[in-house]
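Heads up: the structure comes next, in structure tokens.
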Amino acid sequence: GQVLLEVKDLKRHFDLGKNQTLKAVDGISFDIYQGETFGLVGESGCGKSTAGRTIMGLYNRTEGEVTYAGKNVHTMGENDRYAFLRNMQMIFQDPYASLNPRSTVFEIIAEPMEVHGLHKKKEDMQRRVYQLLEDVGLNRDHANRYPHEFSGGQRQRIGIARALALDPDFIIADEPISALDVSVQASVVKLLQKLQSEKGLTYLFIAHDLSMVKYISDRIGVMYLGHMVELTTSDQLYANPLHPYTQALLSAIPIPDPDIEESRERILLEGELPSPINPPSGCVFRTRCPMAMEVCANVKPAWQEQEPGHFVACHLYE
Ligand code: SF4
Ligand code: MG
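For the sequence shown, full-length UniProt numbering assigns the number 3 to the initial residue and increments by one for each residue that follows.
Written out as structure tokens, the structure reads:
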């Protein structure tokens with residue numbers, strides 16, 4: 003596929019005053035191809051949501067570049083920006099918090115189209131909203147109800163319908179299923195997959211663990227404390243995880259087969275995620291890494307391609 007989004011050495015630092023800087027995103031690089039699902043994974047506080055927002059231009063960047071369809075999203079002109087904001091949409095973790103409780107479902111879904119001056123005739127707008135409701139597995143009877151009348155899974159469907167309203171090419175889904183019951187997670191994932199194939203969408207799918215991302219992502223990037231530590235295809239990441247952090251994340255996923263489950267070794271990470279305000283020197287993972295060596299405290303590991311398309315930042319592979 004063609005590269006749709008290019009992220010190059012992106013940094014997003016927040017100046018906290020008193021000589022303190024929160025390095026939420028501290029130099030990450032990756033490409034996303036047209037039509038793929040790219041999973042961005044890491045514990046909460048690793049910077050993945052900030053990365054998503056910075057990519058969308060909701061936060062300015064501190065350093066580095068984000069290019070969408072060949073255009074720099076932070077410096078593009080007004081017309082390009084307008085088109086970009088239609089093309090890239092976001093789905094949020096908590097659908098309830100992102101839906102206005104005083105608006106009907108119809109108003110919620112119609113709003114972005116009104117803002118962009120689309121479907122000015124009432125019947126056109128109505129047809130479009132009903133179509134979007136059908137696309138996400140709801141129907142026109144839901145249009146005049148309010149968000150509180152729906153279950154979590156249905157609310158997420160409303161959020162998805164709104165994200166689709168402007169007919170985007172690219173969707174950033176920031177933990178879209180984390181707040182849902184396990185029983186409805188799979189149905190929302192299936193919906194996202196169906197919409198992807200019907201509409202040719204490209205996804206950046208943000209998640210805090212590797213359990214569900216495995217099934218939906220073509221490639222996965224693993225983040226830790228503002229850094230990308232490993233990136234490869236989903237299959238390769240599961241078959242041959244290189245970074246000790248990825249290995250620990252994978253070992254934490256339960257396997258349904260009790261025989262495998264029993265013989266498996268859990269890698270438990272010691273300690274807490276350090277603060278991104280004063281991150282560890284050298285390798286940011288070293289305070290919790292079971293393999294840490296002397297060099298890890300002094301030298302930041304380089305981001306290097308270990309095998310074709312498989313990137314890792316760790317001194318074990320240098
Ligand atoms: Fe562990 Fe060192 Fe590799 Fe960091 S560079 S992950 S501390 S072995
Ligand atoms: Mg988050």
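Note that CB positions come from ideal geometry on N, CA and C, so glycine has one too.
Residue of the options minimising C-alpha distance to residue i
i: R164; options: N141, E109, L212; result: E109
i: G3; options: G19, S31, G37; result: G37
i: S213; options: N21, C291, Q128, I257; result: I257
i: L194; options: I160, G223, V224, I222; result: I160
i: Y205; options: V9, H15, I34; result: I34
i: P303; options: S180, H229, R268; result: H229
i: G223; options: A250, T106, V314, A99; result: V314
Buried/exposed call for residue i, threshold 16 Cβ in 10 Å
i: R104; result: exposed
i: A167; result: buried
i: Q306; result: exposed
i: V232; result: Residue identity check: residue 232 is Glu in the sequence provided, not Val. Counting Cβ neighbours within 10 Å, E232 comes out buried, since at least 16 surround it.
i: H312; result: buried
i: Y226; result: buried
i: L60; result: exposed
i: M295; result: exposed
i: M90; result: buried
i: Y70; result: buried
i: W188; result: Before going on, a small fix: residue 188 reads as Ala here, not Trp. Exposed, because fewer than 16 other Cβ atoms sit within 10 Å of the Cβ of A188.
i: A26; result: buried
i: M115; result: buried
i: G49; result: buried
i: E177; result: buried
beta-carbon residue i near the ligand SF4 non-hydrogen atom, thresh 7 Å
i: A294; result: yes
i: R157; result: no
i: F152; result: no
i: L318; result: yes
i: C298; result: yes
i: R288; result: yes
i: C291; result: yes
i: H312; result: no
i: C285; result: yes
i: H229; result: no
i: P246; result: yes
i: P278; result: no
i: P281; result: no
i: P243; result: no
i: P103; result: no
i: P303; result: yes
Secondary structure of residue i, DSSP reduced to three states
i: Q36; result: coil
i: G228; result: coil
i: Q95; result: coil
i: L12; result: strand
i: K73; result: strand
i: H118; result: coil
i: G66; result: strand
i: Y205; result: strand
i: I174; result: strand
i: L24; result: strand
i: R221; result: strand
i: G19; result: strand
i: S199; result: helix
i: I30; result: strand
Alpha helix (DSSP H) segment containing residue i, residue limits
i: D82; result: 80 to 89
i: S236; result: 236 to 241
i: N300; result: 296 to 300
i: P246; result: 246 to 253
i: Q133; result: 124 to 137
i: A163; result: 154 to 166
Residue i, enclosing beta strand (DSSP E) - first and last residue
i: Q308; result: 306 to 309
i: V314; result: 312 to 314
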